[in-house]
Amino acid sequence: MVTFFKRNDTNDRIEYMPTTSNGLPEDLTGATAKFVMTSGDKTYINADADIIGDSLVYVFNAADSLYVGNYVGEFHVTLADGTIRHYPRKGFLSIVIERTLDPMSETQAEEAIALNVSLIEDFKADINTQVATMRMAATDAQAATITANAAASHAQTQGDYAKSEADRLVGTDVSVLDNKIGALSNLQTINKDSVVAAVNETTAQLAEKATKDEVSNISLNIDGVNKKLSGIKFSDLQEPIYFAHRGAKNIFPESSQEAYRGCVNMGLSVIEMDVRQATDGTLIVHHDDTMERTTNKTGSIDYYSAMGFKSAVIDLLPGWAGTPVLFEDLLREFGNKVVYAPEIKGAGINTKLVDTMIKYNLQDNVIIQSFSAPDLTYAISKKIPVIYLKASDDVTPATILGWGIKHVGLSTTLPDSYVTSCINAGLKVYMYTVNRRYEHTKYLNMGVHGFFSDDPLWVKGASPVLEWDSFRDQVFSHGMFQPPVDGNGVLGGNRGEFVSPNKFGWTDGGTLRDFCMQGWAGELSSAFTLSAKMNLVSSVSSVRWGSIVFCTPNDYFDDQNTSGNTSSGYNLLIRESGSIELFLRNGSTATQLGTSLATTAIAAGQQVSIKIQATATQIIITRTDTGHTMTINDTTFRKGYLHLGRNYSGVTFENINIVRQGG
Numbered sequence: 008m009v010t011f012f013k014r015n016d017t018n019d020r021i022e023y024m025p026t027t028s029n030g031l032p033e034d035l036t037g038a039t040a041k042f043v044m045t046s047g048d049k050t051y052i053n054a055d056a057d058i059i060g061d062s063l064v065y066v067f068n069a070a071d072s073l074y075v076g077n078y079v080g081e082f083h084v085t086l087a088d089g090t091i092r093h094y095p096r097k098g099f100l101s102i103v104i105e106r107t108l109d110p111m112s113e114t115q116a117e118e119a120i121a122l123n124v125s126l127i128e129d130f131k132a133d134i135n136t137q138v139a140t141m142r143m144a145a146t147d148a149q150a151a152t153i154t155a156n157a158a159a160s161h162a163q164t165q166g167d168y169a170k171s172e173a174d175r176l177v178g179t180d181v182s183v184l185d186n187k188i189g190a191l192s193n194l195q196t197i198n199k200d201s202v203v204a205a206v207n208e209t210t211a212q213l214a215e216k217a218t219k220d221e222v223s224n225i226s227l228n229i230d231g232v233n234k235k236l237s238g239i240k241f242s243d244l245q246e247p248i249y250f251a252h253r254g255a256k257n258i259f260p261e262s263s264q265e266a267y268r269g270c271v272n273m274g275l276s277v278i279e280m281d282v283r284q285a286t287d288g289t290l291i292v293h294h295d296d297t298m299e300r301t302t303n304k305t306g307s308i309d310y311y312s313a314m315g316f317k318s319a320v321i322d323l324l325p326g327w328a329g330t331p332v333l334f335e336d337l338l339r340e341f342g343n344k345v346v347y348a349p350e351i352k353g354a355g356i357n358t359k360l361v362d363t364m365i366k367y368n369l370q371d372n373v374i375i376q377s378f379s380a381p382d383l384t385y386a387i388s389k390k391i392p393v394i395y396l397k398a399s400d401d402v403t404p405a406t407i408l409g410w411g412i413k414h415v416g417l418s419t420t421l422p423d424s425y426v427t428s429c430i431n432a433g434l435k436v437y438m439y440t441v442n443r444r445y446e447h448t449k450y451l452n453m454g455v456h457g458f459f460s461d462d463p464l465w466v467k468g469a470s471p472v473l474e475w476d477s478f479r480d481q482v483f484s485h486g487m488f489q490p491p492v493d494g495n496g497v498l499g500g501n502r503g504e505f506v507s508p509n510k511f512g513w514t515d516g517g518t519l520r521d522f523c524m525q526g527w528a529g530e531l532s533s534a535f536t537l538s539a540k541m542n543l544v545s546s547v548s549s550v551r552w553g554s555i556v557f558c559t560p561n562d563y564f565d566d567q568n569t570s571g572n573t574s575s576g577y578n579l580l581i582r583e584s585g586s587i588e589l590f591l592r593n594g595s596t597a598t599q600l601g602t603s604l605a606t607t608a609i610a611a612g613q614q615v616s617i618k619i620q621a622t623a624t625q626i627i628i629t630r631t632d633t634g635h636t637m638t639i640n641d642t643t644f645r646k647g648y649l650h651l652g653r654n655y656s657g658v659t660f661e662n663i664n665i666v667r668q669g670g
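The sequence shown begins at 8 in my numbering and counts up by one.
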């Protein structure tokens, strides 16, 4: 559901009734709440909210709705026991702040620009509505004809309205806008460039009467109008560019309708998808050539029609049932509000994919990618930008440029020398797939131009940082990554699972080691207190353990250092025997700090409480349910990242709280 507000409105409210996993109203007795509203990596509201009965309520004031745009929001609720929960449990509240028709200031120049913005916004919204309706009722050719007629009729109506508004706002200076309004009134076809030119010319005339400050404000307003008319063009994106790989599949169901909606709601500018052809010729969004890995169906994708494909459920992520999506469904829903980065999968669809983008007039809002250079030839002939994907260095940068290709997507497995040679040759280089911040920093320093990422907000350091764990959401949050399966059969590559209502971990008694970074915690401070509860779900042997890893300089950890000296930090082992041990890992070397702390043995089904206090010079470990404590004098690592892990034992964690004292 989307909530709409007008700019500078007051007393409008957003309301949400939280429920339990069983669908019953959440008990909010003694709770407090905040409302947070963001767009991209910027927070616009972080203020106290009201609890009225079973509902969470935030009343907007004028300052809250100052800026027109699309936002996402959620309520942060602190329960009576100190637990923090986020609502909605899945996804966000979608909020749209629209421009009001009232003047934005008393100056004639700003009033005239506000009129132009309102005119074009209404004009574009009505046309989009008509286009969506008519596409369902007519062929493409018929829809185009009807849309043009509707646009002309609407332009006439809007021209009359704009002229009367100009009379009211600028009085005797109506002549400044007369010619431009007339141009809009006489439109017979949809011509965005003509509208933009008319608005720009009007601005130039008004600017002659404005002060220098007013001219600056007018220019900003016109920039906004131009962007809304043309949408988000690939050519206008600022580097580094972040491609939401398969719809940011670390946090959303891979390649699903929900994933791409989530990406747009989070303010991501580029969505990446793999495009195949169903047996009936429909373009669909799906990575694999079979259905097994990501859905509840089996067999080759070639066996499925669009209807059969859409009836599947994407069940890859626990807690989320994703909806398969047709490629044109995305184009119809998002239009020019986002840049599309489709990868050609399967033979013979390159022409159809390009023609589809042209049909929707989205040539400026797409960059097409493929591992096959010949598949990109048709797009290049239509002046659509392309990315040549490379997992090997068998083609020189000069050869790639000679094919008319200006952008390459390079695997992180390629030698750094090849990446540098592509950059130096003048190619735009985008690395895939980059999910760790330390890799992001490395390639940025090399001069690359962007990244394919399963979690773009995490990689660029823009994801939310929480004080309490996010396990009550029962879905993976930003930055929750696991190490891959290693070749030595030691690391399991198991990301973990959620246990209702508020636990995360590994419930099976495995035969391998597993770790998962806790991105919700962000980067730790130089001094902090962390408290957590660990449950022993299934016992394996007295020497096996669950672990809390903290202060890792890189956002990666495994206790085997399989990624080449990237694993460092403190690894706190909580063994089934009750022994608590702190290890310092520095790349390939692991050293136990101090001696083992002997505490009461842990039985299956038992919970232990742990507190970690990090000061400038010490680390103090306490098992708070028994009162055992030990102090370690060590300053090797501070800040860094948090991870949870296990060695064979089935363990879950809950109620993790971080109180940050240092910077």
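Beta carbons: idealized from backbone N, C-alpha and C, even for Gly.
Here the structure is a predicted model, which is why all the values come from computation and not from measurement.
Where does residue i sit, in a helix, a strand or coil, going by DSSP?
i	result
asparagine 640	strand
threonine 536	strand
phenylalanine 316	helix
valine 658	strand
glutamine 668	coil
aspartate 243	helix
lysine 390	coil
tyrosine 310	helix
Report back the beta-carbon spacing between residue i and residue j to the nearest angstrom; my notes put them in contact at under 8 Å.
i	j	result
phenylalanine 12	glutamate 105	7 Å
serine 418	alanine 398	4 Å
valine 415	valine 441	No, valine 415 and valine 441 are not in contact; Cβ-Cβ is about 15 Å, not under 8 Å.
serine 98	alanine 469	This sequence places glycine at residue 98; serine is not what is there. The pair is not a contact, with the Cβ atoms about 18 Å apart (cut-off 8 Å).
glycine 326	glutamate 265	Not a contact, Cβ separation roughly 12 Å.
isoleucine 412	leucine 383	7 Å
serine 533	glycine 409	Not quite, the Cβ-Cβ distance comes to about 52 Å (not below 8 Å), so this is no contact.
asparagine 578	valine 547	Actually they are not in contact, since the Cβ atoms of asparagine 578 and valine 547 sit about 18 Å apart, beyond 8 Å.
threonine 518	tyrosine 655	6 Å
Distance check for residue j and residue i, CA to CA, integer angstroms please.
i	j	result
serine 616	glutamate 33	26 Å
glycine 315	serine 460	29 Å
isoleucine 248	glycine 288	32 Å
lysine 359	aspartate 296	19 Å
isoleucine 602	glutamine 567	A quick correction: the sequence has threonine, not isoleucine, at residue 602. Approximately 21 Å between the Cα atoms of the pair.
phenylalanine 483	glycine 612	24 Å
isoleucine 430	valine 455	7 Å
leucine 543	alanine 255	32 Å
glycine 594	glycine 576	9 Å
threonine 629	threonine 36	32 Å
isoleucine 258	aspartate 462	7 Å
asparagine 662	histidine 293	37 Å
glycine 80	phenylalanine 488	25 Å
lysine 467	threonine 607	43 Å
asparagine 77	threonine 39	27 Å
isoleucine 407	valine 393	12 Å
threonine 514	alanine 432	51 Å
serine 584	glycine 306	47 Å
asparagine 156	asparagine 343	Bear in mind that a pLDDT of 45 at asparagine 156, under 50, signals an unreliable position, so the model cannot answer this.
valine 658	valine 506	11 Å
alanine 610	threonine 636	20 Å
glutamine 525	leucine 589	19 Å
glutamine 614	lysine 540	7 Å
serine 586	tyrosine 395	54 Å
methionine 24	serine 62	4 Å
phenylalanine 478	glycine 503	12 Å
Thinking C-beta only, is residue j closer than 9 Å to residue i?
i	j	result
leucine 604	leucine 591	no
aspartate 476	tryptophan 527	yes
isoleucine 619	threonine 536	yes
phenylalanine 511	tyrosine 648	no
tyrosine 553	leucine 580	Per the sequence presented here, residue 553 reads as glycine, with tyrosine not at that position. Yes, the pair counts as a contact, with Cβ atoms nearer than the cut-off.
aspartate 480	glycine 499	no
aspartate 371	phenylalanine 241	yes
threonine 302	isoleucine 278	no
leucine 434	aspartate 400	no
arginine 92	leucine 86	yes
(message) So, does the region 367-387 touch the region 348-359, judging by three or more C-beta pairs under 8 Å?
(response) yes
(message) Below 8 Å, how does it come out for the region 643-657 and the region 560-572: are there three or more Cβ pairs, yes or no?
(response) yes
(message) Three Cβ pairs or more, each shorter than 8 Å: is that satisfied between the region 336-344 and the region 245-263?
(response) no
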